[in-house]
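Number of protein chains: 2
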Amino acid sequence: MSATTEPTALISLRERLAELSDLGSIGSLLFWDQNTMMPPAAAPARAEQAATLERIVHGRLTDPGLADLLDALEPWVADLDPESAEARLLAVTRRDVEKAVRVPADLAAEITRASALGQQAWLEARASADFTRFRDAFARQVDLRHRYVACFAPFEHPYDVLLDVFEPGLTVAELRPLLERLREGLVPLVRAAADPPDTPRHRLLDGPFEVEDQRRAVSLVLEAVGFDPDGWRLDPAPHPFAQSLAQGDIRITTRYDRHDLGSALYAGLHEFGHGLYEAQIDPAFKRTPLGEPVSLGIHESQSRTWENLVGRGRPFLGWLLGQLRESLPGGFDGVGADDLFRAVNAVRPSLIRVDADETTYNLHVVLRVELEIALMEGRLEVDDLPAAWNAAVERLLGVSVPDDAQGVLQDVHWGAGMIGYFATYTLGNLAAAQLWERVRRDLDIDAQLARGEFAPLRAWLAEHVHRHGRRYTPRELLVRATGGELRIEPFLEYLEGKLVAAGRLRAA
Amino acid sequence: MSATTEPTALISLRERLAELSDLGSIGSLLFWDQNTMMPPAAAPARAEQAATLERIVHGRLTDPGLADLLDALEPWVADLDPESAEARLLAVTRRDVEKAVRVPADLAAEITRASALGQQAWLEARASADFTRFRDAFARQVDLRHRYVACFAPFEHPYDVLLDVFEPGLTVAELRPLLERLREGLVPLVRAAADPPDTPRHRLLDGPFEVEDQRRAVSLVLEAVGFDPDGWRLDPAPHPFAQSLAQGDIRITTRYDRHDLGSALYAGLHEFGHGLYEAQIDPAFKRTPLGEPVSLGIHESQSRTWENLVGRGRPFLGWLLGQLRESLPGGFDGVGADDLFRAVNAVRPSLIRVDADETTYNLHVVLRVELEIALMEGRLEVDDLPAAWNAAVERLLGVSVPDDAQGVLQDVHWGAGMIGYFATYTLGNLAAAQLWERVRRDLDIDAQLARGEFAPLRAWLAEHVHRHGRRYTPRELLVRATGGELRIEPFLEYLEGKLVAAGRLRAA
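Sequences listed follow chains A and B, in order. Just so you know, we're using our numbering here: the first sequence kicks off at 1 and counts up by one. Just so you know, we're using our numbering here: the second sequence kicks off at 1001 and counts up by one.
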């Protein structure tokens, strides 16, 4: 992007976009702080602060002066390569503006306020394992989503409008058959590979390890894979997440369980993958909409790459075991890397999505997407949600839900109003496996991971995924990086291969 | 403030003010985060975020629509009691608007950006004890202050404009003689009460105590005096400060020195005093300019009340010793409350303001105010500042400055551009002593503190100081609470009395 040839309207546009980017970063700080640092009594005030910020962002994004600048630049951009950064910047900005102007400012602010308040209602309801205490807050979220969806009429399916918030361009027409075929592939695989229900859990990472020792051990692993203490933070959070405020301000979280080092370790690797994505976006896109992650599906493909493709693979586990023996002396006597490989790849249908293994995980997503579509189609009432949840868990996973905290109340998303989000977890799992096929072709990845060499993988991901930001659509990005559209086969093949290698499945 | 009789213009005004209040809280979060949590590499991005926020605040405050609402309300407010909350709300808002419109938006944003960057330059310069590395950043701050001052011409003295930022209404004409008389009172007092230069420091709080043990002990003390974990936070920070985002979101910091429990304890009590002030402002003023502290001088009077009037007084120390014996077992064997009283009231001229004792402290302020006035009058050049600093320390305190880190670079304020701030520390010390005279008359305070009963003092401060927010000017507030204007005598009498009681000064 050469400054010398830029029309003045583009310079003005960039100033406005830089301001919007700063406000986005500030919003990220409000969210991060609320979920790590904020005293509980601050929740109502924080909801107002977030709503005020959203009102300002919405006001700036829908300001006619911004649309005028885009119009003024139309003739100029018509002469550019449509894939050039400048052309894409204008296209992405126009998309954001056109979506924002559909939504009244009051509704946008109300959605933000309800999100902060809904999270608090969810926290309290989950603590008492009582859906009825969450019911009104959730009904409010569903109502707000219906009002939001109505702003985008006409549409093929109301849920399309919600999917687009998180995965631009994704539709029910595309998603439903994908999930259906995935379910058909997974259910028999789970049946074949799962431990019998009363098998004791593998205990290789169970310690107990003191939280402070875990924190140190996990930090060392993360610093080895690419966490830079000068520009990153690691904090504890009950529901781990990553938030990037700027390229030198990447904040990830994990959670600690004295009796499960795996919880802190794998949540840490997962959030590291999210952080690395945003840390490696082309700095030339800084403070523009191109400098943002392209979609949550692609985002999740990056977290899953480090958590699962790297973190639960045999080569990495050999290196990891050496690290853990040093940082947690005595904790891994008599444990071999093959034992660890088998342990972290157990298959067991369970209640909690975030604790689910790779094989059963996507069934948790299928469950949520089915329920969300039913809610948005009006086929399911909020009051009937817990019963529908419990029935679907029984049907898909074959386990019974003992209470709402381990069932319908387990995720923060609905409290925060994030309906349409869950599908991106599965898209991420699929995309990660599809990208990994290409990684295997381009790099000597197994040998590198076994030696603890992570720079080549980081560089590959930067080149093929991270640096592009929002320059390409999620679909374009995947086709450029892997040569094809999103498919379920790479994921199923990867999974079967690993389950066989870990001694959990007989080779077909 | 009854809503039923409010004109619609007032309702509109309140909406705008609530938004400005939210933006102020968000700005506080940016500052708190930068000084406690933010990774160092984020500093440039944070400077942009803060500048963007400031530009928006400035734009909203100078928006003609806001001034129009104030104008529209003039006839209505003319019929109100001029001391009513509504009348004061309009007066305070008009004052804020009239000040904001004088300053161009670009200058306001530039001041904010330079503040974030200047703090970073200061950090680096202090680490290498080299003023030349700070010189340019500071020269930029001085230049920005001259530009800011010029916006308020005509004025009696350029420094008046800067004082008004922190202490509304304060002038050089008033401040200079006050500091001069104070200096005349303090210099002989220091000479009479100071330990000889080679006396070893009292070691009663020297431990060593592990940081985690100190954190727990200090937290217990703070919770006893009124820190509420549900709505407050305590974090470590190299330069302790307090920041209030909302009434349920009070954040204080302290610092830990393994060899000085007093550092964490007294910084904690100091910042607690700041936090309590903002926690106890009338909730009816929430999200309006009346819901803010009235001045930094009054703010400092509250921190000094808890740090010194309470915290270094004999009654409190008796209670404290019992607490510390429980929370740090073995650390206080053979120590009596009178020993502690004598130890924490030592007088010794020293280099670092924040470590200075109560008796020498204000001489550090006199020094800074003299230099700032000389800078703003153009009598002192930035390059000559270190030499001028060192000479003034020798003259006022009789000690030699070994390097810039222990001299001119010791405070963050100049890096952040806060010229005109230091005087408020002395105003706070004076006001605290003057308020304390009244506390002693109204409460059985010594007996209460000796028993660890802090609720009566909290309630007294809420009633006479805290709840009013910005409803009265600092001067009005002090006259209402103490019956008179600010004087130096209550402070000097309090100090002499305590030094005599602690065996540091012979009774006159």
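Each residue gets a CB set at the ideal place from its N, CA and C atoms; glycine is no exception.
- Query: When you compare only the Cα positions, how much space is there between Y1266(B) and R215(A)?
  - Reply: Here residue 1266(B) refers to the residue found at position 266 of the second sequence. Here residue 215(A) refers to the residue found at position 215 of the first sequence. So the alpha carbons of these two residues sit roughly 31 Å apart.
- Query: Applying a beta-carbon distance threshold of less than 7 Å, which residues of chain A neighbour T1052(B)?
  - Reply: What you label residue 1052(B) is simply residue 52 of the second sequence in a count that begins at 1. Within 7 Å Cβ-Cβ: E19, D22, L23.
- Query: Going straight from the alpha carbon of V401(A) to that of E6(A), what length do you get?
  - Reply: For this step, residue 401(A) is matched to residue 401 along the first sequence. For this step, residue 6(A) is matched to residue 6 along the first sequence. Using only the alpha carbons, I get a separation of about 60 Å.
- Expressed to the nearest angstrom, what Euclidean distance is found between the alpha-carbon atoms of V190(A) and L351(A)? Indexing the first sequence from 1 puts residue 190(A) at position 190. Indexing the first sequence from 1 puts residue 351(A) at position 351. Cα to Cα, the separation comes out at about 14 Å.
- Buried or exposed: where does R1506(B) fall if 16 or more other Cβ atoms within 10 Å of its Cβ makes it buried? Counted from its first residue, the second sequence places residue 1506(B) at position 506. The residue in question, R1506(B), is exposed, as its Cβ has fewer than 16 Cβ neighbours within 10 Å.
- Task: Could you list the residues in the stretch 230-248 of chain A with a C-beta less than 9 Å from some C-beta on chain B, going in chain order?
- Result: D230, G231, W232, R233, D235, L245, A246, Q247, G248
- Item | Amino acids of chain A, ordered along the chain, whose beta-carbon sits closer than 8 Å to that of E1048(B) | The residue labelled residue 1048(B) in the question sits at position 48 within the second sequence. Within 8 Å Cβ-Cβ: A18, D22, R287.
- In terms of residues, what are the limits of the alpha helix (DSSP H) holding P1315(B)? Translated into the one-based positions of the second sequence, residue 1315(B) becomes position 315. Segment 1314-1327, the alpha helix (DSSP H) holding P1315(B).
- DSSP three-state call for I540(A): helix, strand or coil? In the structure displayed, chain A extends from 1 to 508; residue 540(A) sits before or after that span and is not available.
- State the Cα-Cα distance for the pair R251(A) and V211(A), rounded to the nearest angstrom. For this step, residue 251(A) is matched to residue 251 along the first sequence. For this step, residue 211(A) is matched to residue 211 along the first sequence. Each residue's Cα considered, the two are about 19 Å apart.
- Task: Flag M37(A) as yes if its beta-carbon sits less than 8 Å from any beta-carbon of chain B, otherwise no.
- Result: As a first step, residue 37(A) must be located in the first sequence, where it is residue number 37. Closer than 8 Å: yes.
- Relative to the C-alpha of G1318(B), which residue among A1447(B), A1416(B), A1193(B) is closest? Position 318 of the second sequence, counted from the start, is the residue given in the question as residue 1318(B). Of A1447(B), A1416(B), A1193(B), the residue nearest in Cα terms is A1447(B).
- Give the secondary structure of I488(A) by DSSP, where H, G and I count as helix, E and B as strand, and everything else as coil. Taking the first residue of the first sequence as position 1, residue 488(A) is located at position 488. Note: I488(A) maps to coil in three-state DSSP.
- Message: Could you give the first and the last residue of the continuous alpha helix (DSSP H) run that contains A264(A)?
- Response: For the purposes of this step, residue 264(A) is identified with residue 264 of the first sequence, where counting begins at 1. From DSSP, the alpha helix (DSSP H) with A264(A) extends over 261-279.
- Query: Residues in its own chain within less than 6 Å of P39(A) by CB, not counting five upstream and five downstream?
  - Reply: Taking the first residue of the first sequence as 1, we reach residue 39(A) at position 39. If we look at P39(A) and ignore the five residues flanking it on each side, it has no Cβ neighbours.
- Close Cβ partners of A242(A) (< 6 Å) along its chain, the five nearest in sequence each way excluded: Translated into positions along the first sequence, residue 242(A) becomes position 242. Hits under 6 Å: I252, E271, H274, G275.
- Skipping 5 residues on each side, what residues in its chain have a beta carbon closer than 8 Å to that of A450(A)? Start at 1 with the first residue of the first sequence, and residue 450(A) comes out as number 450. Excluding sequence neighbours, A450(A) sits near P315, F316, G318, W319.
- Message: Between which residues of its own chain and L1163(B) is the CB-CB distance below 6 Å, once the five residues before and five after are set aside?
- Response: For the purposes of this step, residue 1163(B) is taken as the residue at position 163 of the second sequence. Cβ within range, chain order: L1170, G1420.
- Task: Please decide whether P177(A) counts as near chain B, where near means a Cβ-Cβ distance under 8 Å.
- Result: As a working mapping, residue 177(A) is identified with position 177 in the first sequence. Not closer than 8 Å to any Cβ of chain B, the Cβ of P177(A) fails to qualify, so no.
- Compare the C-beta of A1003(B) against all C-beta atoms of chain A and say whether one is closer than 8 Å. As a working mapping, residue 1003(B) is identified with position 3 in the second sequence. In this prediction, A1003(B) scores a pLDDT of 45, lower than 50, which makes its location untrustworthy; the coordinate-derived value is nonetheless stated afterwards. It does not; no Cβ of chain A falls within 8 Å.
- Message: Nearest by alpha-carbon distance to L1175(B): which of A1433(B), Y1472(B), V1369(B) is it?
- Response: Position 175 of the second sequence holds residue 1175(B). Of the listed residues, the one whose Cα sits closest to L1175(B) is V1369(B).
- Task: Could you tell me which of E1453(B), Q1434(B), W1460(B) sits nearest to D1442(B), measuring between CA atoms?
- Result: Locating residue 1442(B) in the second sequence gives position 442, where the first residue counts as 1. The option with the nearest alpha carbon to D1442(B) is W1460(B).
- Message: For a test of the three-state rule: what should DSSP assign to Q247(A), helix, strand or coil?
- Response: The residue you call residue 247(A) lines up with position 247 of the first sequence. Coil.
- Query: Within 10 angstroms of its Cβ, does D956(B) collect 16 or more other Cβ (buried), or is it exposed?
  - Reply: Coverage of chain B is limited to positions 1001 through 1508, which leaves residue 956(B) absent and any answer about it impossible.
- Sequence-distant residues of the same chain with beta carbon closer than 7 Å to A356(A), five excluded per side: As a first step, residue 356(A) is located in the first sequence; it is residue number 356 there, counting from the start. So the list reads S350, H364, once near-sequence residues are dropped.
- Task: Select from the stretch 109-134 of chain A all residues with a C-beta closer than 7 Å to any C-beta belonging to chain B, and list them in chain order.
- Result: none
- Beta-ladder partner(s) of W232(A), from DSSP: One-based indexing of the first sequence puts residue 232(A) at position 232. W232(A) is bridged to I250(A).
- Spatially closest choice to Y1472(B) from L1144(B), L1290(B), V1103(B), D1411(B), by CA coordinates: The sequence position of residue 1472(B) within the second sequence is 472, counting from 1. Comparing Cα-Cα distances from Y1472(B) to each of L1144(B), L1290(B), V1103(B), D1411(B), the minimum goes to L1290(B).
- Three-state secondary structure (DSSP) of D257(A): Taking the first sequence and counting its residues from 1, one reaches residue 257(A) at position 257. In the structure shown, D257(A) sits in a strand (DSSP, three-state: E or B).
- DSSP state of A1508(B), grouped into three classes? On the second sequence, position 508 is the one that residue 1508(B) refers to. In this structure, A1508(B) counts as coil in the three-state DSSP scheme.
- Query: Taking 8 Å as the CB-CB limit, is P1281(B) close to chain A?
  - Reply: Here residue 1281(B) is taken as the residue at index 281 of the second sequence, counted from 1. Looking at the sequence itself, residue 1281(B) is Ile, so the reference to Pro does not match. False, the Cβ-Cβ gap to chain A never drops below 8 Å.
- Task: Could you tell me whether the stretch 91-110 of chain A touches the stretch 121-136 of chain A, where touching means 3 or more Cβ pairs closer than 8 Å?
- Result: no
- Query: Roughly how many angstroms lie between the CA atoms of A108(A) and A43(A), to the nearest whole one?
  - Reply: Counted from its first residue, the first sequence places residue 108(A) at position 108. Counted from its first residue, the first sequence places residue 43(A) at position 43. Going by the C-alpha atoms only, they are around 19 Å apart.
- Query: Can you tell which of Y256(A), D195(A), W76(A) has its C-alpha closest to the C-alpha of A217(A)?
  - Reply: By one-based count along the first sequence, residue 217(A) stands at place 217. Nearest of Y256(A), D195(A), W76(A) to A217(A), Cα basis: Y256(A).
- Query: Under three-state DSSP, which class holds A1242(B)?
  - Reply: Start at 1 with the first residue of the second sequence, and residue 1242(B) comes out as number 242. Residue state, collapsed to three classes: strand.
- With 8 Å set as the bound, which would you pick, yes or no: does the beta-carbon of A356(A) sit closer than that to a beta-carbon of chain B? On the first sequence, position 356 is the one that residue 356(A) refers to. For A356(A), the answer is no, since every Cβ of chain B falls outside 8 Å of its Cβ.
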